[in-house]
Each structure stands twice: as C-alpha cells, then as structure tokens.
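Residue numbers (the numbering used here), protein chains in the order written: chain A, 9 to 353; chain B, 10 to 342. Heads up, the beta-carbon is just placed ideally off N, CA and C, and yes, glycines get one too.
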Ligand SMILES: Cc1ncc(C[n+]2csc(CCOP(=O)(O)OP(=O)(O)O)c2C)c(N)n1
Ligand SMILES: [Mg+2]
C-alpha cells in the first residue's frame, strides 16, 4: 500500500506555530494544499481530483494551480452537478480509487447531502466493512464582502451528527499539508474544511511528505488560566487574543482539535484539569454548533474540574447578512474571545 | 420579420436594454470606490434577453433569476434606487441590506426569491408555476438561468414535473458559453440546451440572444402560447458576458477566455444592434435616443444619490426577520 510508508511528522509535535522559526522552509496555506495534492498524485496513481474550475487560471485560490498540467487526465474540471459529482466520487472510491472532490464554497456541499450522508457515510457499515469509501471532500468557507447567506456558511457541525464520515479542519499551512495527506491516505470519507482567510498565511511546511494523525488535537499555546478550544480560523483569532491578554497577565491555553470527528476529548479534559475554565471558539452557529455538541458530550467528564461556566463563542442564530454593518455585528474575532475569557475569570 | 413588431414595442425594449446597460456600467465606475461591498455579477452583453422576455410579462407574472440578476430585476420593473441601495448595503435597499447583489427581491413585482445557488431557482419557478395553475390564474412563471445550471439534476427533475403537470412556465437559458471560467465544451458533450426537454415532450427554441428583434419575436410568441395553456417551453438564448464572472473588471488578461472571442461578440453588441435598427428604419431619431439615454442617466444618478444618502441598517437588525411574523404572507394574494 503506497500510504504505509508515509510517516507521522514528530518534529513539530510540541511547537505552537513553527512558522516563527525564520530558518525553516515556509509555504502559504494554499501552497501547502497544492504540495500535498501533488505528492499524493505522485505517490498513488489511484488519486484523482475533480471540481468546478480546478484547472482554471485561479486554480481554486491557488490550491490546485496548474496541477492538471502535472497530471493530465487526473485533474478534472466538472459540470455544475454537485450531487452527481459526489456520487461519481463515491462510486469511484468503492471501486478502489481515491478521489478528491473540491468545492469552492462549502455552501455548495448542501446539494450533495444525499450522496454524502446516505451513501458515502453508510456504505462501509451497510456492507459490514466489506466496502470502503476512501475519498476526500475539500470545501472552503468564505467570509465577508457581502457574500451573504448562500456563500459564506461554515457547516462543519452539520456533519457531526452522522457517524461514518470524518471532519477535518486545518488552521495552519503545516497542518493543511499533513492533514490533507492523512485525509487522502485515510480509507474513509473525509470532509476537509478550509477557511478562505487562512489561505495567505505562511508557516513552516517540510518539503517531505508527512501525515498528521486525524483525531489528535494539538496545543497551539500552553497556558494556565483558561482553555480555549478553537477551530480553523478561530485558532488564529485565539492566538491574537492570547497576545492581547498576555499584556493583562492572563495566560490562555489554545487547543486546536484539528479534526472534529474523531474529536480528541482527552486533550481538552487534561487542559481543563489544569485551568478549570473553558471557552469554545467556533465559526458556526450556536444551535447545534460544536459548543453544544462537544460540551454535551464531555460535560460529565469536565464537571469535576470546572471552576466557572463554559463559554461558547459562535454566530448568532441568523443567516449571514450582506450589509457591512450587519456583517460586523455577525462575525466574531479575537475581541469576542477576550470578552468571553474575561466573563469567566 | 420585424415588420410585425410594433415600433413602440421596439423602443420600449430598447429603453429597458439601455437602462440595464447604463446601470451595470455605472457599477463598473463606482465599484473601485469600495462602497459597494457585495460581489457583483454583471450582465453587460446579455441585456436583450431579460428585456425582451420581461417586456411581455405582467406585473403578476413571476420571475426567478440567479446570481446574475440585476438585468432581470430591472426588466421586471424593480426600481433602480431600490437595487442600488441594496448594493450599498443600505436599509432602503430591496432586502434592507440583508441580501446584497445576489438575492434581490420584490414580491410586488413577482420576484419572490433570488437564489445564487446554481440551478436553485429552477425548481422554485416550477413550484411557482404550479401555484399559478392551482390558483387558476392566467399568469405565468419565467426562470432565467445560465448554461451551467442545466448541469444540475434538478433542471431535469423540473422539466419532467413541468411537462407532467403542463405548467405555465418558460425556461429561459442564457447560454453565454461559460460557467465561471469553464467553457461549455469542457462541461457538456453537446451544445444543444434547447433540445433538453424533448424527452419530456417540451419544445425548445434557440435564439440569438444578442438580437433583440428576434428575441422579441420568439419571446412574445412563446409567452402567448404559455398563457393559453400550451406550456412549458425552453428558450435557449445564445449570448456572451463581457465582464469577468464576478466583479467589474475584464478577465481576459488573466487567461480566462480568449480576447478575440470577446471582440467578435462585442461587434454584435445587443444594444448597438437594436439602436442601429431603430435609426436605419427611422423608428426614432438619434436625438430622441439621446433624450432617452439622458433620462436614464438621470434616473441612475438619482438612484446613486439615494443609495449613498440612505442610512445603513441598525446593527441590531441582524437579528430580525429570521422568522416571518406578519399574519398574511405576500404570496397569498
Ligand atoms: C450549486 C452551486 N455550485 C457552484 C456555484 C458557484 N458558481 C456561481 S456562478 C457559477 C457559474 C454559473 O454559470 P452559468 O449557470 O452558466 O451562469 P453565468 O454565470 O454564466 O451567468 C458557479 C459555478 C454556485 N453558486 N452554486
Ligand atoms: Mg454561463
């Protein structure tokens, strides 16, 4: 199997953002994604990629740029047929291929819920493990410039309701590469969610292939006062919050779960044992969001250690508006994290 | 052929086309100011389609549009100031700043929802046509969509259902040969969108979407037939978008499309073509057309002034309208 030779990268296990090291090789998030795809294509002839406009001059914001030139025939522009495309990938995957399907906006994945949830997520189980669906669905969360209700949604929590699929959310270029390779190597359907605002961020990315285990969280920043569980872009916002809070002598610990299913409960519980205080920083809505889902799941285990209420930072329960004034009210950033921390200290 | 078309109809359609063109060109001018903070999908080059089709619609007829909606909404009679204010994110916009460019509405004018999900409007329009039939009205529904939307399964589901129930609906495909940057040939094996209803018994008509006169002829006839209960029909209009998929710029320097292609389509500018026809046949003088034009410019000036001077919504308005709280719904009348 081509993937058994790719190793977990242990070098950066305990670093926050290795990008801070100037002597190391850095890539932008988009380049890290491209490099992972390139290396997966090289390693495994079963890998192919499809999506709307993946071979156009933009190349999915640079993440698939010119990949079709390196691997003719294996990078496919597609019709606008999301549900069908998902089914095509599931069908190819059960026959032994390892497709990567790309959506420029996560909102468009809603058209393919049937194939994702009724098919991809269930085929392994329905066959008692006789059939596998090794595929990756990459999708990008947009934000801002009046993109409004149908071009902005962070829908990760929707997929947590269903067993049978994995949900991965990288927050750095290093993770983007290692997690994408791990997702392609995984023998299950993986939903890989990228925030568009992470695309320009650079940090350390080794040139070699490496995997980051799906299901292992990561301490981005150690701290003693409050535990912040942040996903995707909110990890970056939490890092900003940490800087500002440090000036007030408040020391937060930032946990990046990296994947939401499977979710690393252990790392959160261990952290809360130390801090006694917990904040979830989500990108999605409050109702049925990760705050509710994960807190509900861990509540009994956390209760003995909690010294205060748990705070959940999430979107108000309204669709995304368009006007800049309303967007400002709607979206969350480091200031909201700081407020939440102060509410429980 | 144009002999049967009344001069007044030609002039009226020309007026709407020019209104759409000048409105979109004004957005191109204003966009760099960065006060229009919403993605704009401009329809410059495609004006003849919306203008001709909507000219034959009544106020109570229903139109569903898509992400490229400005032209459809203007042609269906939505006030420029209401659209412009929405683009500026203002409270006076047709969605009070909640929708932006891609979700313009005007229930009073039969625009109940605008979806920016490709293909999203097609089943909605089919349902609207069902409602018209159930209510036994003489009104019809029209849905505008691009060549990309026919790739969605729901297009065929809608054709099947519309044919089955003999619904009063016109499916208008604006085939501009691209979906974002992907050419039609990379997405569909045959260039025959107007024939896609044949298997369901739906007749299709293909039309030069840049020729308003032929558009007027075909649209008026189809709409008349649908009103008399012999719908549904497909109208495929072949056209070309002049600007980038989204935003006010051209995309040719980025290598998205060949420049010669644009140049050849610009020679067939729909607005120029009808204008030349009007002048050549002495339907109106150059002076009269200039007066029309400056009247439109004035209307746009005032729409921009209105938009800029309007207030933003209150930030707390974010939380309103998640649920409908009035006792009667707008579509019930
Ligand atoms: C379901 C869905 N998939 C993808 C998109 C992204 N998208 C927006 S417009 C567009 C192209 C649409 O092409 P077409 O239907 O031909 O309309 P045109 O833009 O040419 O007017 C795409 C792919 C979307 N909005 N919705
Ligand atoms: Mg098109």
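For the stretch 90-124 of chain A, the set of positions with a beta-carbon nearer than 9 Å to some beta-carbon of chain B reads 90, 91, 92, 112, 115, 116, 118, 119 in chain order. Of all C-beta pairs linking the stretch 271-283 of chain A to the stretch 143-155 of chain A, fewer than three are shorter than 8 Å, placing the two stretches out of contact.
In this structure, residue 157 (chain B) has its beta carbon less than 7 Å from a heavy atom of ligand 2. In the three-state DSSP reduction, residue 106 (chain A) falls in the strand class (E or B). For residue 239 (chain B), the closest of B:245, B:231, B:246 by C-alpha to C-alpha distance is B:231. Remark: the C-beta of residue 253 (chain B) is outside contact range of ligand 2, defined as less than 7 Å to any heavy atom.
The stretch 194-208 of chain B and the stretch 236-252 of chain B touch, with no fewer than 3 CB-CB distances between them shorter than 8 Å. Under the DSSP assignment, residue 217 (chain A) falls outside any beta strand (DSSP E); it carries neither an H nor an E label. Under a criterion of Cβ atoms nearer than 7 Å, the residues of chain B adjacent to residue 338 (chain A) are, in order, 327. Within the stretch 49-68 of chain A, contact with chain B at the beta-carbon level (separation under 9 Å) is assigned to 60, 61, 63, 64, 65, 66.
Look at residue 164 (chain B): its beta carbon is at least 7 Å from all of the heavy atoms in ligand 1. Runs of the alpha helix (DSSP H) spanning 4 or more residues and lying entirely within the stretch 285-318 of chain A occur at 298-310, in chain order. With fewer than 16 other beta carbons inside 10 angstroms of its own, residue 295 (chain B) counts as exposed. By the Cβ test, the stretch 26-40 of chain B is not in contact with the stretch 298-318 of chain A, since fewer than three Cβ pairs between them sit closer than 8 Å. Counting C-beta pairs closer than 8 Å gives three or more between the stretch 41-49 of chain A and the stretch 74-85 of chain A, which meets the contact rule. Within the DSSP bridge table, the entry for residue 215 (chain B) names B:245 as partners.
Taking the Cα positions, residue 174 (chain B) is about 27 Å away from residue 114 (chain B).
Minimum Cα-Cα distance from residue 50 (chain B) among the listed residues B:298, B:258, B:334 corresponds to B:258.
Sequence-distant partners of residue 336 (chain A) (beyond 5 residues in either direction) whose C-beta falls short of 8 Å from its own C-beta are missing from its chain. When beta bridges are read from the DSSP output, residue 191 (chain B) appears opposite B:188. Bridge partners of residue 152 (chain B) according to DSSP: B:73, B:180. For residue 36 (chain A), the uninterrupted beta strand (DSSP E) run begins and ends at 34-36, by DSSP. Scanning A:345, A:115, A:70 for the CA closest to the CA of residue 164 (chain A) turns up A:115. Put simply, the stretch 208-219 of chain B touches the stretch 48-64 of chain B. At least three CB pairs are less than 8 Å apart. Pairwise C-beta distances place the stretch 211-221 of chain A out of contact with the stretch 56-74 of chain A, as fewer than three of them are shorter than 8 Å. At a cut-off of 8 Å, the C-beta of residue 326 (chain A) has a neighbouring C-beta in chain B. With a threshold of 16 other beta carbon atoms within 10 Å, residue 169 (chain A) falls short and is exposed.
Taking a contact to require three or more Cβ pairs closer than 8 Å, the stretch 175-189 of chain A and the stretch 137-153 of chain B do not qualify as touching.
Around the beta carbon of residue 329 (chain A), 16 or more other beta carbons lie within 10 angstroms, which makes this residue buried. At a beta-carbon threshold of 7 Å, none of the residues of chain B lie near residue 16 (chain A); the nearest stands roughly 38 Å away.
Residue 269 (chain A) is bridged by DSSP to A:175. At the C-beta level, residue 174 (chain A) and residue 107 (chain A) stay beyond 8 Å of one another. Around the Cβ of residue 158 (chain B), a 10 Å sphere holds 16 or more other Cβ atoms; the residue is buried. Beta-bridge partners assigned by DSSP to residue 146 (chain A): A:110, A:200.
Taken from the Cβ of residue 57 (chain B), every heavy atom of ligand 2 lies 7 Å or farther away.
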